[in-house]
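Asker:
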């Protein structure tokens, strides 16, 4: 900042300091109102391990393979949780799991309240902290638990969905194959009944060929049916195995607990006050800068000499003692009329 | 004209008093500041014989500065100084009532009759006198004023001319021709740069010797100025 600009800003400020301090006074007032009006808040949180080699991380699409990246399993997972909290479906699920549907229906709490009170944040590379902060300790506890449970359930559902779909597909296929098998068996039986074997000697060659063809069709249908059944069973096993794996391998490091004491307010209060004071100071500076920008009056020697390129002969200070007064005993000695 | 001495206010101010006019006095800080003006204006050891003060707008303190400057100059140098008031455009009732140059030029009064002595024998005041709007143009453009100044120049070592504001009347530009040097008075914190620039432009490049900042008063607390080296 140039010397001229600094002088101009300071002159502008000290000309009407109380006017320019209004933003700061307002900010301090707001800070005082915020601090005195804030209620106690209770925080409940849990920590989930999301190591990249765990199934949960795999199922959470956490694939950290690039050699140079700032993404960690924890950051990806926490971002996903926060993204999910932006969706109505997940927040409703959390609220239902927390038993807060009544509060939502009665209007005591809104979905946005749930969103703003719950958050996830990475703790190091492999841990995710999920916290809920409300004015009610019980609600905080429930929300934290519900968020962790809902997220894990969602991850599990996503993981087993494919296996479940495969099982359903093969079940449907098996039903079709079963029908085909029954038809093939019926065709063979009908043929055998309609063409009884001769008492002496063998069947004619054409009957033998037909029976061989029908038998092969039945065998093929049976193989297809058995294969579909086996694949459906395999898909069900995979789904169950996935579920079991997640149950066994998801590592909740810290379970959310019921908070017994409110969060310490001092740090929050200090931060709030500091933030608002900074905002107030910025407001003061902006106001002074604006006023100085619009003030075109001559205020400093440097400005005159720089802008007008004309020397300053002198600066006459303000002299309050000097006044022009009409003299009551004024006498005229000159004969010239005015 | 009888001079009347007045006691010096607070023992430090240079009081200018006549029997007919109460003129502004120059307190010690003002006189001290005007000595800087005098030093800057001096070419070698000599000040210009005809020094005029004017401004962009009226109310910037030209009359005060010219009076205080004349009083300080007379007090310090003990030379004969004549304060010539030429501002017929803005006068208070007291000044308007006093006989002056307008009476000499328009009504045939003698110059000696309008000169007012002050408490300082080295300083005399030549009031402007009263002039209506029609008379003012005559006073400025009639050659009599220049001749009168020449006459006054023989009686005084220095003439300090009190001009009207440049943006108030174009006659200031013509009056400026009568001065050897013109000092431009700017009221601190009131007059805008644009107005000063316009005033200087009207007077013409090179005619103005410099600027006298009037009523300068920094609002920045002294401790801050000292800390920041301002």
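Residue numbers (the working numbering), protein chains in the order written: chain L, 1 to 338; chain G, 1001 to 1230.
The beta carbon of each residue, even a glycine, is placed where N, CA and C say it ideally should be.
This structure is a prediction, so every number in the text was calculated from the model and none was measured.
1) For residue 252 of chain L, list the residues DSSP reports as bridge partners.
2) Using Cβ-Cβ distances below 7 Å, what residues of the segment 1095 to 1129 of chain G are close to chain C?
3) Pick out whichever of G:1118, G:1180, G:1132 and G:1073 has its Cα sitting closest to the Cα of residue 1233 of chain G.
4) For chain G, is any of its Cβ atoms less than 8 Å away from the one on residue 112 of chain L?
5) Under DSSP, the alpha helix (DSSP H) around residue 1195 of chain G begins and ends at which residues?
6) Relative to the C-alpha of residue 1069 of chain G, which residue among G:1052, G:1204, G:1103 and G:1200 is closest?
7) Identify, in the order they occur along the chain, each residue of the same chain with its Cβ nearer than 6 Å to the Cβ of residue 63 of chain L, setting aside the five sequence neighbours on each side.
8) Is the CB of residue 1132 of chain G under 8 Å away from at least one CB in chain L?
9) In its own chain, which residues sit with a C-beta less than 7 Å from the C-beta of residue 1211 of chain G, not counting the 5 before and 5 after it?
10) Just the chain G side, please: which residues come within less than 7 Å of residue 315 of chain L by C-beta, in chain order?
11) Suppose you measure from the CA of residue 254 of chain L to the CA of residue 116 of chain L; what does that come to, to the nearest Å?
12) Starting from residue 301 of chain L, find everything on chain G with Cβ-Cβ shorter than 8 Å and list it in chain order.
13) State buried or exposed for residue 288 of chain L, treating a residue as buried only when at least 16 other CB atoms are found within 10 Å of its CB.
14) Give a yes or no on contact between the segment 104 to 122 of chain L and the segment 9 to 18 of chain L, applying the rule of three or more CB pairs nearer than 8 Å.
15) Rounded to a whole number of angstroms, what is the C-alpha to C-alpha distance between residue 333 of chain L and residue 1113 of chain G?
16) Which two residues bound the contiguous beta strand (DSSP E) that contains residue 1215 of chain G?
17) Let's test the definition: count the other Cβ atoms within 10 Å of the Cβ of residue 10 of chain L and tell me whether it reaches 16, buried, or not, exposed.
18) Check whether chain L comes within 8 Å of residue 1066 of chain G, counting only Cβ atoms and requiring the distance to be less than that.
19) Does residue 10 of chain L come within less than 8 Å of chain G when only Cβ atoms are used?
20) Along chain G, which residues have their Cβ under 9 Å away from the Cβ of residue 14 of chain L?
21) If the cut is a Cβ gap below 7 Å, which residues of chain L does residue 1191 of chain G touch?
22) Does the Cβ-Cβ distance between residue 1084 of chain G and residue 1160 of chain G come in under 8 Å?
23) Between the Cα of residue 35 of chain L and the Cα atoms of L:266, L:308 and L:307, which residue gives the shortest distance?
Answerer: The short version:
1) Translated into the one-based positions of the first chain, residue 252 of chain L becomes position 252. Looking at the DSSP assignment, residue 252 of chain L forms a beta bridge with L:48.
2) No chain C appears in this structure, whose protein chains are L and G.
3) The requested residue 1233 of chain G does not occur in the structure, where chain G is confined to residues 1001 to 1230.
4) As a position in the first chain, residue 112 of chain L is number 112, starting the count at 1. No, because no Cβ of chain G sits closer than 8 Å to the Cβ of residue 112 of chain L.
5) Here residue 1195 of chain G corresponds to residue number 195 of the second chain, with the count starting at 1. Boundaries of the alpha helix (DSSP H) around residue 1195 of chain G: 1193 to 1203.
6) The residue given as residue 1069 of chain G occupies position 69 in the second chain. Checked all of G:1052, G:1204, G:1103 and G:1200; the closest Cα to residue 1069 of chain G is G:1052.
7) Taking the first residue of the first chain as position 1, residue 63 of chain L is located at position 63. Caution applies to residue 63 of chain L, whose pLDDT of 49 falls short of 50 and renders its modelled position unreliable; the value that the coordinates give is listed next. So the list is empty, once near-sequence residues are dropped.
8) Here residue 1132 of chain G refers to the residue found at position 132 when the second chain is read from its first residue. Taking Cβ atoms only, chain L never reaches closer than 8 Å to residue 1132 of chain G, which makes this a no.
9) For this step, residue 1211 of chain G is matched to residue 211 along the second chain. Excluding sequence positions up to five before and after residue 1211 of chain G, its CB lies within less than 7 Å of the CB of 1184 and 1186, all in the same chain and listed in chain order.
10) In the first chain, residue 315 of chain L corresponds to position 315, counting from 1. Result: 1033, 1213 and 1216.
11) Numbered from 1 along the first chain, position 254 holds the residue referred to as residue 254 of chain L. Numbered from 1 along the first chain, position 116 holds the residue referred to as residue 116 of chain L. Distance from the CA of residue 254 of chain L to the CA of residue 116 of chain L, rounded to the nearest whole angstrom, comes to 22 Å.
12) For the purposes of this step, residue 301 of chain L is taken as the residue at position 301 of the first chain. Under the 8 Å cutoff, chain G gives 1213.
13) The residue you call residue 288 of chain L lines up with position 288 of the first chain. It counts as buried.
14) Here the segment 104 to 122 of chain L makes no contact with the segment 9 to 18 of chain L; the two share fewer than three CB pairs at distances below 8 Å.
15) Position 333 of the first chain, counted from the first residue, corresponds to residue 333 of chain L. Position 113 of the second chain, counted from the first residue, corresponds to residue 1113 of chain G. Any reading at residue 333 of chain L must be qualified, since the residue scores a pLDDT of 33, below 50, and its modelled position is unreliable; no value is offered.
16) Residue mapping note: residue 1215 of chain G aligns to position 215 of the second chain, counting from 1. It spans 1208 to 1216 - the beta strand (DSSP E) in which residue 1215 of chain G sits, taken as one unbroken run.
17) For this step, residue 10 of chain L is matched to residue 10 along the first chain. Classification of residue 10 of chain L: buried, given that the 10 Å Cβ count is 16 or more.
18) Looking up residue 1066 of chain G in the second chain gives position 66. Not one chain L Cβ lies under 8 Å of residue 1066 of chain G.
19) What you label residue 10 of chain L is simply residue 10 of the first chain in a count that begins at 1. Among the CB atoms of chain G, one or more fall inside 8 Å of the CB of residue 10 of chain L.
20) Reading the first chain from its first residue, position 14 is the one you call residue 14 of chain L. By Cβ distance, chain G contributes 1218, 1219, 1220, 1221 and 1224.
21) Here the question's residue 1191 of chain G lines up with position 191 in the second chain. Below the 7 Å Cβ cutoff, chain L contributes 297 and 298 as neighbours of residue 1191 of chain G, in chain order.
22) As a first step, residue 1084 of chain G is located in the second chain; it is residue number 84 there, counting from the start. As a first step, residue 1160 of chain G is located in the second chain; it is residue number 160 there, counting from the start. Yes, they are a contact pair.
23) Working through the first chain from its first residue, we reach residue 35 of chain L at position 35. Measuring from the Cα of residue 35 of chain L, the nearest candidate turns out to be L:266.
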